[in-house]
Amino acid sequence: MNIHEYQAKGVLREFGVPVPNGVAVLTADEAEAAAAKIPGPVWVVKSQIHAGGRGKGKFKEAEAGEKGGVRVVKSAADAAENAKLILGKTLVTIQTGPAGKQVNRVYIEEGSEIEKEFYLSALVDRATSRVAFVVSTEGGMDIEEVAHSTPEKIHTFAVDPATGVMPHHGRTVAEALGLSGDLAKQAGSLVAKLYAAFTAKDMAMLEINPLVVTKGGELKCLDAKISFDSNSLYRHPEILALRDETEEDEKEIEASKYDLAYIALDGTIGCMVNGAGLAMATLDIIKLYGESPANFLDVGGGATEEKVTAAFKIITADPQVKGILVNIFGGIMKCDVIARGVLAAVKAVGLQVPLVVRLEGTNVEEGKKIIRESGLNVIPADDLDDAAQKIVKAVKEGV
Ligand code: GDP
Ligand code: MN
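Per this note's numbering, the very first residue in the sequence shown carries number 14; after that it's consecutive.
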């Protein structure tokens, strides 16, 4: 689960991490009042959406002005003016896709005088099963580009969970960022606090870009992006309360109500599969035959007919979907349950696109019989290879 920048900074502040003061607001009047309470002479008006690249983003509406989604202003009135210009407007950044995202909230923050901009992130490194930090002097920029063209400028290290952050980790960061004296000390303390926040809140990713050195000689987190491990949210009600459903894909919200593992993708073939591994293989093979999946969907092991019906409805409701591939290897999951779920969904919402069904395993004959006798225009398939070729062909030929 992702949260907004202002919320992320709130979480980090609780752990003593240095972040600028700010207030999140919904209207221009609130923006002016908020700015009046923050000592100037510079303020920053920041669009709150679940996507990065806001600074270099562009608004779809011309009235929002030429400047991007992060604006440095010189007075409280100017803060209000800019909040008014961008609230309700659609910001397009390299992470939002061409549709952009509507800015419903802005964050009014005290401005910082930047001396240097760095990059720092922490994530769960699956190779070492540890929390790893990534630091670079090349902050404020596209870190993927830095990793690609100048990999020597990126430093990574993992933290042993038995010891936690040690003084040498702080020295590693300070050295990587070229900091000495008091700033090196601040770097050590920062890494310890970020690690504490990361582990206490079960974060999956924490990105500070930029981490800055101010002209006053302070290390500060000017931006913060956090995603939490969704499987841990049951033990963090205070984090779950930060969820903003307006930022999430509607189909994913619907899927989460039925406890379906569903991720929207941007292709044309809707997939219903059981088991994450088989689902991944299904996405791969669709790609191999020249089309792209519209989603990842794992209906799970013991899915009920109701759950399968909900899953099928979510797939068919997606206007991007030009064909559907049902690929079930029945183990715990029974093929007849899948067949009945598909039928119930088709009865409720109809079927406008070609459907290929590949069933194998427990109760396969019964499942096939249900589909065969349904009168539905289903294209049967014998194995995954056959199924993928058939659905790609059907979508390409529009049959
Ligand atoms: P992003 O573009 O979505 O990653 O948003 P950021 O929060 O990183 O802001 C974009 C850029 O705005 C930063 O890289 C900074 O260069 C600049 N910026 C943000 N806050 C301040 C500030 O307080 N003072 C100044 N001078 N620039 C800022
Ligand atoms: Mn940033």
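Don't be surprised by glycine CBs; every beta carbon is placed ideally from N, CA and C.
- Distances from the alpha-carbon of Val116 to those of Gly110, Gly101 and Glu122 put Gly101 closest.
- Using a 10 angstroms sphere on the CB of Leu301, the tally of other CB atoms stays under 16, which defines it as exposed.
- Spatial neighbours of Ile282 in its own chain (CB-CB distance under 8 Å, excluding positions within 5 residues in sequence) are listed in chain order as Ile299, Glu304, Ser305, Pro306, Ala307, Val334, Lys335, Gly336, Ile337, Leu338, Ile404, Val405 and Val408.
- Excluding its 5 nearest sequence neighbours in each direction, Ser245 has C-beta neighbours in its own chain below 8 Å: Asp215, listed in chain order.
- Beta-bridge annotation (DSSP): Met216 is paired with Phe241.
- Ala189 and Ala200 have their C-alpha atoms some 11 Å from each other.
- With a cut-off of 7 Å, the C-beta of Lys114 is classified as distant from ligand 1, since no heavy atom of the ligand falls inside that distance.
- Distance between Phe72 and Pro174, taken at the CA atoms: about 44 Å.
- Residue state for Asn95 is assigned as helix, using DSSP reduced to three classes.
- Distance from the CA of Ile127 to the CA of Ala357, rounded to the nearest whole angstrom, comes to 60 Å.
- Close CB contacts of His249 within its chain, under the 8 Å cut and outside five residues either way in sequence, are with Lys214, Asp215 and Phe241 (chain order).
- Ligand 2 approaches Asp236 closely enough that one of its heavy atoms is under 7 Å from the residue's Cβ.
- For Gly344 and Val286, the gap between their C-alpha atoms comes out near 12 Å.
- Burial check for Gln20: the Cβ neighbour count within 10 Å reaches 16 or more, so the residue is buried.
- With a threshold of 16 other beta carbon atoms within 10 Å, Ile327 meets it and is buried.
- In this structure, Arg353 has its CB at a distance of at least 7 Å from all heavy atoms of ligand 1.
- Rounded to whole angstroms, Lys382 and Ala316 show a C-alpha spacing of 20 Å.
- Residue pairing by DSSP places Ile282 opposite Pro306 and Gly336 in a beta bridge.
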